[in-house]
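Chemist: Take a look at the following structure, please.
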């Protein structure tokens, strides 16, 4: 079965403003995110991509633009199932404000029970994304063979949930996974089990250095902004 390359979109204006973007329209890459996207073709050079699939949201489309320009033989297929979690009434709000919401504790410690008001549950998010991957695995294998490699550009919580699913982890453990903006995660699928072969690879270790302000114990909903 194919190998899936999961790319989180580059850093966005919502990331730098501390907003939970969700499906809010008009959220673009910031300057750093644009540089991250511009570097993506070089990072993936030599990797024979057979298909590219993307979330419909602008920040993912912008992340892929340099890669598609560098590989004109490919086009991006849009799949809403790998779009961001529908955060409902939380969308567009500041993460600092959401920290005091009772639901945030559930999101952090028991996400399988978390459902966003006016939005979807985190279980539904994981289910739709995993179904999309299974269908694309079958399609890519059928059209390009069992050793094909393809790419999906998606969002932090989506990618974390897919990693948890591949590792056989309960969704309640997915907040232990971190994927920074424009990071590359790779899952090799086989007949019997998937293998996680890369996780959150940015090639940049700046985010591991101590920060002036502690990052705290909570996992950023939506994935966070990455290194400062």
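Numbering (the numbering used here), first residue to last: 2 to 229.
Every residue, glycine too, gets a C-beta built ideally from N, C-alpha and C.
Can you give the Cα-Cα distance for residue 131 and residue 159, rounded to whole angstroms?
Modeler: By one-based count along the chain shown, residue 131 stands at place 130. By one-based count along the chain shown, residue 159 stands at place 158. Using only the alpha carbons, I get a separation of about 9 Å.
Chemist: Report the rounded CA-to-CA distance for residue 23 versus residue 87, giving the unit in angstroms.
Modeler: Here residue 23 corresponds to residue number 22 of the chain shown, with the count starting at 1. Here residue 87 corresponds to residue number 86 of the chain shown, with the count starting at 1. For residue 23 and residue 87, the distance between alpha carbons rounds to 6 Å.
Chemist: Quick one: what's got a C-beta closer than 8 Å to residue 69's C-beta in the same chain, skipping five residues either side?
Modeler: In the chain shown, the residue the question calls residue 69 occupies position 68. If we look at residue 69 and ignore the five residues flanking it on each side, its Cβ neighbours are 53, 75, 76, 77.
Chemist: Give the C-beta separation of residue 79 and residue 64 to the nearest angstrom, bearing in mind that I take them to be a contact with Cβ-Cβ under 8 Å.
Modeler: Along the chain shown, read from residue 1 onward, the residue named residue 79 stands at position 78. Along the chain shown, read from residue 1 onward, the residue named residue 64 stands at position 63. Actually they are not in contact, since the Cβ atoms of residue 79 and residue 64 sit about 13 Å apart, beyond 8 Å.
Chemist: Please identify the residue among 154, 155, 179 whose C-alpha is closest to the C-alpha of residue 165.
Modeler: Within the chain shown, the letter at position 164 stands for residue 165. It is 179 whose Cα lies nearest to the Cα of residue 165.
Chemist: In chain order, what residues of the same chain have a beta carbon less than 7 Å from the beta carbon of residue 57, not counting five sequence neighbours either side?
Modeler: Residue mapping note: residue 57 aligns to position 56 of the chain shown, counting from 1. Same-chain partners within the cutoff: 79, 81, 84.
Chemist: Below 8 Å, how does it come out for the segment 29-44 and the segment 100-110: are there three or more Cβ pairs, yes or no?
Modeler: They do not touch, by the three-pair rule.
Chemist: Looking only at its own chain, which residues have a Cβ that is under 8 Å from the Cβ of residue 44, when we skip the five neighbours before and after it?
Modeler: Residue numbering aside, residue 44 sits at position 43 when the chain shown is read from its first letter. Closer than 8 Å at the Cβ level, and outside the excluded window around residue 44, lie 185, 204.
Chemist: Along the chain, where does the alpha helix (DSSP H) that runs through residue 154 open and close?
Modeler: Position 153 of the chain shown holds residue 154. That residue, residue 154, is in no alpha helix (DSSP H); its beta strand (DSSP E) goes 150-155.
Chemist: Could you tell me which of 174, 198, 167, 29 sits nearest to residue 10, measuring between CA atoms?
Modeler: Within the chain shown, the letter at position 9 stands for residue 10. Nearest option by C-alpha distance: 29.
Chemist: Using a 10 Å radius around the Cβ and a threshold of 16 neighbouring Cβ atoms, would you call residue 3 buried or exposed?
Modeler: As a position in the chain shown, residue 3 is number 2, starting the count at 1. Counting Cβ neighbours within 10 Å, residue 3 comes out buried, since at least 16 surround it.
Chemist: Enumerated in chain order, which unbroken segments of the alpha helix (DSSP H) with a length of 4 residues or greater are wholly contained in the segment 69-149?
Modeler: Every alpha helix (DSSP H) stretch that sits fully inside the segment 69-149 and reaches 4 residues is listed by chain position as 96-99, 103-110, 123-145.
Chemist: Using the Cβ count rule (16 or more neighbours within 10 Å means buried), how would you classify residue 18?
Modeler: To locate residue 18, count along the chain shown from 1; it is residue 17. With fewer than 16 other Cβ atoms within 10 Å, it is exposed.
Chemist: Under 8 Å by Cβ, that's how I've got residue 150 and residue 50 pegged, so tell me the actual separation to the nearest angstrom.
Modeler: Counting from 1 along the chain shown, the entry for residue 150 is found at position 149. Counting from 1 along the chain shown, the entry for residue 50 is found at position 49. Correct: roughly 6 Å between the Cβ atoms.
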